[in-house]
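What follows is a short report on a single structure.
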Amino acid sequence: MSEKKFSKKHEWVSLEGDIATVGITKHATEMLGDIVFVEVPDAGKAIEKEGQAAVVESTKAASDVYSPISGEVTEGNKTIVDDPGSVNGDPEGASWFFKLKIKDKGELESLMSKDEYDKFCKENPN
Amino acid sequence: MGVQKTALYDLHKSLGAKFVPFAGYEMPIQYKDGIVKEHISTRTHAGFFDVSHMGQFFLEGDETLVEALEKIIPSDLKSLKVNHSKYSFLLNDDGGIIDDLIVTKTNKGFCIILNAACKENDIKHISKFLGKNHKHLLNNDLSLIALQGPKSVEILEKLIPGVSELKFMTGNNFNYDSESLYITRSGYTGEDGFEISISNKKVKKLIDFLINNGVKPVGLGARDTLRLEAGLCLYGHDLNEKINPIEANLKWAIAKKRKEVGGFNGWNKIKNLLTNGSEKIRVGIKPEGKVIARENTKIFSSNGEEIGFVTSGTFGPSVNRPVAMGYVKSEFSEIGTLIQLEVRGKKYEGKVSELPFYKKSYVK
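These protein sequence lines are chains A and B, in that order. Everything in the first sequence is counted per this note's numbering, starting at 1348 for the first residue and increasing by one. Everything in the second sequence is counted per this note's numbering, starting at 9 for the first residue and increasing by one.
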């Protein structure tokens, strides 16, 4: 898999061939708290960059998950739908949200590296 | 007035609290452990909650004080014994709930615990009914600590002998660190526990003792999931001035005698509703699956007719499922009625459910 790229809305994406895996960051899960509900998109759904793609809810509130890139969903992660709490455990690994067939690799350019993202989080603590 | 802080603010900070503005106060919504762990540790062990933002309102006076208060509070205050508490409400002329409260008979009068967001307005309202010889004081020198959970009694008894003898919804004065403090056996979690009224000067010492005895701090987040599992209302969400006790399914909190004789604000309306029932009523709701129906979620009948709305909804960590409360047209209020909940534009199945979702273990 390629090196992870990060969005300002706290999603990560990594690329393998033309299939991108998308999830929410560790920082995002720390802000959300205990995750108790997840909704992921079905295979075949077309998603635009920065479009609403999934839902994550903690005991406190519901949040939308946006896609950092455009493409067609190939798979939603059913494991996290059945066990939402697992997202708190491994958000940047096994608890990815969905995979999609990437439309334009150029869109990755606008995203942040790990270092840039960490800096962004420090500057924007909320 | 700027943002207010309770006497324990610095302690909350040192315990890793995340703060939120709540009713004009900076209050901890959670600590390091997070809402689910705080919730579970309250149910299985014990947790403490700083609820010092709530109003501790003391009233003193002769028998005319009882008469004055009975005009706005539909409890049988005349028969209330010293050190006994009742859950009740302040009512407006239309029977709407201005606030829900716990009223305790004291030696000199009454103590009323008021919701933080309502306390200023409540006091204005209560004052209108008071006479010249009735004294009242909102005591801001006192903190209020809720200690909740099955281990509460064992732990507090070590520090303050005698508290284990209190029955649910009674209280008494106890000595602690050469000071008198008032403790009631009550709470807002569905667990056994205590509410401790203690001076701002001594509260830190009490909390240090609790922490050293394994009691975890619990924030407003878990307070909300605990009270919702216990089927208890949150003012401003499940209750407001446009909702009366009959609609709120709280007629049990109106004293039997008062239901017969009346003589309190909104009595005409309430008398009528007691006979004929109300158009809408508060019910428990279990959404199917994992979907969470939050406040303002629209409720539909199985035929697609809009029949109400959710007023509180979350995930219940102890019942391990989403739970909610809301108002539905009374004909749809029977336990087990199938309903639909509109979440993010999609309709999900749900059922009208018994309250509480989580069984209580009060000491009677």
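The beta-carbon is built from N, C-alpha and C at its ideal position, and this holds for glycine as well.
Reducing DSSP to helix, strand and coil, say where R235/B ends up.
-> helix
Would you kindly work out how many angstroms separate the C-alpha atoms of K175/B and K113/B, rounded to a whole number?
-> 15 Å
CB contact check: P1431/A to chain B, cutoff 9 Å = yes
L77/B burial status per 10 Å Cβ neighbour count (16 or more: buried) = buried
Could you spell out the range, first to last residue, of the alpha helix (DSSP H) harbouring F217/B?
-> V211 to N220
In angstroms, rounded to a whole number, what distance separates the CA positions of K298/B and E68/B?
-> 50 Å
With 9 Å set as the bound, which would you pick, yes or no: does the beta-carbon of T1372/A sit closer than that to a beta-carbon of chain B?
-> no
Beta carbon proximity, D1381/A to chain B, threshold 9 Å = Yes, D1381/A lies at the interface with chain B (some Cβ there is under 9 Å from its Cβ).
Interfacial residues, the region 1409 to 1420 of chain A to chain B, with Cβ spacing under 7 Å | A1409
Does the distance from the CB of L16/B to the CB of Y39/B come in under 9 Å?
-> no
Could you check the C-alpha separation between Y95/B and S1433/A for me, to the nearest Å?
-> 40 Å
For the region 309 to 319 of chain B against the region 275 to 283 of chain B, are there 3 or more C-beta pairs whose distance is under 8 Å?
-> no
Under 9 Å between the Cβ atoms of E313/B and Y356/B?
-> no
Please list the partners that T1406/A has in chain B, where partner means a Cβ-to-Cβ separation under 7 Å.
-> I43, V44, G229, T233, T322 and F323
Please go through the region 28 to 77 of chain B and give each complete beta strand (DSSP E) segment of 3 or more residues, from N-terminal end onward.
-> Here the runs fully enclosed are 33 to 38, 55 to 58 and 63 to 68.
Closer than 7 Å at the beta carbon, the chain A residues around Q38/B | G1380
Neighbour list for I300/B in chain A, Cβ cutoff strictly below 8 Å = V1383, F1384, E1404 and A1409
Tell me whether the beta-carbon of F272/B lies closer than 9 Å to the beta-carbon of P82/B.
-> In terms of Cβ geometry, F272/B and P82/B form a close pair [threshold 9 Å].
Specify the secondary structure class of F176/B as computed by DSSP and reduced to three states.
-> coil
Does the beta carbon of V1428/A sit closer than 9 Å to a beta carbon anywhere in chain B?
-> yes
Option nearest F66/B by Cα separation, candidates F57/B, D108/B, I121/B and R51/B | Looking at the Cα atoms, I121/B is the closest of the given residues.
Are three or more beta carbon pairs between the region 1444 to 1462 of chain A and the region 1408 to 1421 of chain A nearer than 8 Å?
-> yes
As assigned by DSSP and simplified to three states, the class of I134/B = helix
Output the distance between the C-alpha atoms of G274/B and N248/B, rounded to the nearest integer angstrom.
-> 14 Å
Is it the case that the Cβ atoms of K265/B and S93/B are separated by a distance below 9 Å?
-> no
Alpha carbon to alpha carbon, what distance is there between T1368/A and W1359/A?
-> Rounded to the nearest whole angstrom, the CA to CA distance from W1359/A to T1368/A is 8 Å.
Of the residues K143/B, L19/B and L234/B, the one placed nearest I48/B, counting alpha carbons only = L234/B
Using a Cβ cut-off of 9 Å (strictly closer), state whether P330/B contacts chain A.
-> yes
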